[in-house]
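Notes for the one structure printed next.
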Amino acid sequence: MRKINTKPQIAVSQCLLGDRVRYDAKIKRYPLIIGFINCHFNVISVCPEVEMGLGVPRPPIQLTSAQLNESLSELRITGRDDPSIDISQTMHTFCKQRSTELNSIHGYIFKSKSPSCGIANIPVFNPQNNIITTTRGVFVNAILQKYPLLPITDELHLLNEDQLNTDQCNMFLKKVKQFQKKHA
């Protein structure tokens, strides 16, 4: 009897796949990443903002805090240009629910620089709109709280200018396969 070799299942930020889900309705397609993904993985695409019911286009959002040491779960998610827009409660509820639903994934490729999906260096602004610290996106945080050992990356790590960073791609693939094997 032959063993069936199943591809690992990963989640991917939907905008990386070329879908029109970005706040500005622009399409940012990453053909090299899409090729890598299609070759090695089964995919669940996720866009927190669209899945929460926010439209496309929509006002840009940012992370806001009145205090430097607030935890990610206490951060406000507000409009970048209109601070009266506050989707904090909706986003935190979504993050809790959707992270639980993604219990079958073996890895995640996030979109960099996103207040929800950036894996690092996401600015947190004070009420005067000054950057007071940086952190990871609120959805990334929810995923890693639920699945702390889940392999994650973003498109910046997988690309080197206009080429795939094969070392980073291979490292991510290896970590995902190891995670899949441990959680089979």
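Heads up: the sequence shown begins at 1368 in the working numbering, then just goes up one per residue. Backbone N, C-alpha and C fix where the C-beta goes; we use that ideal spot for every residue, glycine too. Source: prediction; values computed, not measured.
Using the rule of at least 16 other Cβ atoms within 10 Å of the residue's Cβ for burial, across every protein chain shown, is residue i buried or exposed?
i, result
"Ala1378", "buried"
"Ala1509", "buried"
"Ser1380", "buried"
"Thr1373", "exposed"
"Gln1547", "buried"
"Arg1369", "With a pLDDT of 48 at Arg1369, under the threshold of 50, the modelled position of this residue cannot be trusted; read the value that follows with caution. Looking at its Cβ environment, which holds fewer than 16 other Cβ atoms inside 10 Å, Arg1369 is exposed."
Residue i to residue j, Cα distance in whole Å?
i, j, result
"Leu1540", "Pro1482", "25 Å"
"Val1423", "Thr1520", "25 Å"
"Ser1479", "Gly1402", "19 Å"
"Ser1471", "Leu1384", "20 Å"
"Gln1535", "Lys1549", "21 Å"
"Asp1529", "Tyr1514", "31 Å"
"Arg1503", "Ala1487", "4 Å"
"Ser1451", "Ile1428", "11 Å"
"Glu1522", "Lys1395", "11 Å"
"Tyr1397", "Val1413", "16 Å"
"Thr1460", "Cys1406", "34 Å"
"Ala1551", "Cys1382", "29 Å"
"Asp1386", "Ala1392", "9 Å"
Would you say residue i and residue j are within 8 Å of each other, going by their C-beta atoms?
i, j, result
"His1524", "Asn1537", "no"
"Gly1474", "Lys1542", "yes"
"Ile1444", "Val1505", "yes"
"Leu1511", "Ile1400", "no"
How about residue i: is its Cβ closer than 7 Å to a heavy atom in the ligand FAD?
i, result
"Cys1406", "You won't find the ligand FAD in this model; it holds no ligand whatsoever."
Going by C-alpha distance, which of the options is nearest residue i?
i, options, result
"Gln1545", "Glu1528, Asp1529 and Leu1516", "Leu1516"
"Leu1442", "Val1413, Phe1408, Asp1534 and Asn1493", "Asn1493"
"Phe1408", "Asn1497, Ile1499, Ile1476 and Arg1387", "Ile1476"
"Pro1426", "Ile1454, Cys1406, Val1413 and Glu1418", "Ile1454"
"Val1507", "Asn1496, Ile1489, Ile1499 and Asn1497", "Ile1489"
"Leu1469", "Ile1394, Thr1501 and Pro1415", "Pro1415"
"Asp1448", "Tyr1390, Tyr1397, Gln1456 and Pro1518", "Tyr1390"
"Pro1375", "Asp1386, Ile1404 and Val1417", "Ile1404"
"Val1388", "Thr1457, Tyr1397, Pro1398 and Val1417", "Val1417"
"Met1458", "Val1491, Pro1398, Gly1420 and Ser1438", "Gly1420"
>> Does the stretch 1463-1480 come into contact with the stretch 1424-1432, if we say contact requires no fewer than three beta-carbon pairs (one atom in each stretch) closer than 8 Å?
In response: no
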